[in-house]
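Asker: Residue numbers (full-length UniProt numbering): 1 to 162. We put the beta carbon where it would ideally sit given N, CA and C, even for glycine.
1) Would you check if the segment 103 to 123 and the segment 150 to 161 touch, i.e. whether three or more CB-CB distances between them fall below 8 Å?
2) Consult DSSP for residue 111 and reduce its assignment to one of helix, strand or coil.
3) With distances taken from CA atoms, which of 50, 7, 59 is nearest residue 78?
4) According to DSSP, simplified to helix, strand and coil, what is residue 34?
5) Could you spell out the range, first to last residue, of the alpha helix (DSSP H) harbouring residue 122?
6) Between residue 83 and residue 22, what straight-line distance do the alpha-carbon atoms span, to the nearest angstrom?
7) I'd like the span of the beta strand (DSSP E) that includes residue 63, first residue to last.
8) Does the beta-carbon of residue 163 have 16 or more other beta-carbons within 10 angstroms, so that it is buried, or is it exposed?
9) Among the residues of its own chain, which have a CB less than 8 Å from the CB of residue 81, if the five just before and after it don't count?
10) From residue 86 to residue 63, what distance separates their C-alpha atoms?
11) Roughly how many angstroms separate the alpha carbons of residue 10 and residue 41, rounded to a whole number?
12) Which of helix, strand or coil does DSSP assign to residue 9?
13) Of all the options 93, 2, 17, which has the alpha carbon lying nearest to the alpha carbon of residue 109?
14) Among 149, 32, 19, which residue has its Cα nearest to the Cα of residue 99?
15) Compute the beta-carbon to beta-carbon distance between residue 28 and residue 133, rounded to the nearest angstrom, for a pair I have assumed lies under 8 Å.
16) For residue 142, is the classification buried or exposed, using 16 other Cβ atoms within 10 angstroms of its Cβ as the cut-off for buried?
17) Would you kindly work out how many angstroms separate the C-alpha atoms of residue 131 and residue 8, rounded to a whole number?
Take a look at the structure:
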């Protein structure tokens, strides 16, 4: 399991290189049916500036949560925010494409130091699930999360003390 994230000035930044066209990666994060393969589904009309997301990769489906859309520049940038029982999520997704590969940079702004050891491994798991969805292979399971991803929490915690 490789650590792909860094915490800088309170922001968690994760970077992935995907062997897929940018349009395919964009569809995997913005189309409800494609998003369902690795994260959850959404309902609503994005033109209204928000959608309701229900996470489906967890052991129990999450409560529907409103995600406000702050910026959507297809297929390069998506900025959203949400508040749920775990806190406030300020997320930026940036995509670029070169040489047949799409670079994905996910930034979660203002990560609470007390939660970095869980948030970092969580995004590692979700982004591996995204990569699996794009490549049409089996995604990492919840059992893999417990075994392979949770131990990354110590590495994320240590970034805060550097």
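Answerer: On the basis of the coordinates in this document:
1) Yes: the two stretches touch, three or more of their Cβ pairs being nearer than 8 Å.
2) For the purposes of this step, residue 111 is taken as residue 111 along the chain shown, with counting starting at 1. Looking at residue 111 - three-state DSSP - the assignment turns out to be coil, as it is neither helix nor strand.
3) Residue 78 sits at position 78 when you count from the first residue of the chain shown. Sorting 50, 7, 59 by C-alpha distance to the C-alpha of residue 78 places 50 at the top.
4) Taking the first residue of the chain shown as 1, we reach residue 34 at position 34. If DSSP states are grouped into helix, strand and coil, residue 34 belongs with the helices.
5) Residue 122 sits at position 122 when you count from the first residue of the chain shown. For residue 122, the uninterrupted alpha helix (DSSP H) run begins and ends at 116 to 135, by DSSP.
6) Residue 83 sits at position 83 when you count from the first residue of the chain shown. Residue 22 sits at position 22 when you count from the first residue of the chain shown. Their backbone Cα atoms lie some 28 Å apart in a straight line.
7) On the chain shown, position 63 is the one that residue 63 refers to. Element bounds for residue 63: n/a, residue is neither H nor E.
8) As displayed, the chain neither begins before 1 nor continues past 162, which places residue 163 out of reach and without an answer.
9) Along the chain shown, one-based indexing puts residue 81 at 81. The answer, listed in chain order, is 67, 68, 70, 88, 89, 90, 91.
10) Sequence index remark: in the chain shown, residue 86 carries index 86 (1-based). Sequence index remark: in the chain shown, residue 63 carries index 63 (1-based). Cα atoms of residue 86 and residue 63: separation of roughly 11 Å, rounded to the nearest angstrom.
11) For this step, residue 10 is matched to residue 10 along the chain shown. For this step, residue 41 is matched to residue 41 along the chain shown. Between residue 10 and residue 41, the C-alpha separation is close to 28 Å.
12) Here residue 9 corresponds to residue number 9 of the chain shown, with the count starting at 1. Coil at residue 9, not helix or strand.
13) Here residue 109 refers to the residue found at position 109 when the chain shown is read from its first residue. Of 93, 2, 17, the residue nearest in Cα terms is 93.
14) Taking the first residue of the chain shown as 1, we reach residue 99 at position 99. Restricting attention to 149, 32, 19, the CA atom closest to the CA of residue 99 is found in 19.
15) One-based indexing of the chain shown puts residue 28 at position 28. One-based indexing of the chain shown puts residue 133 at position 133. Correct: roughly 6 Å between the Cβ atoms.
16) Taking the chain shown and counting its residues from 1, one reaches residue 142 at position 142. Residue 142 should be labelled exposed.
17) Mapped onto the chain shown, residue 131 falls at position 131. Mapped onto the chain shown, residue 8 falls at position 8. Residue 131 and residue 8 have their C-alpha atoms spaced approximately 24 Å apart.
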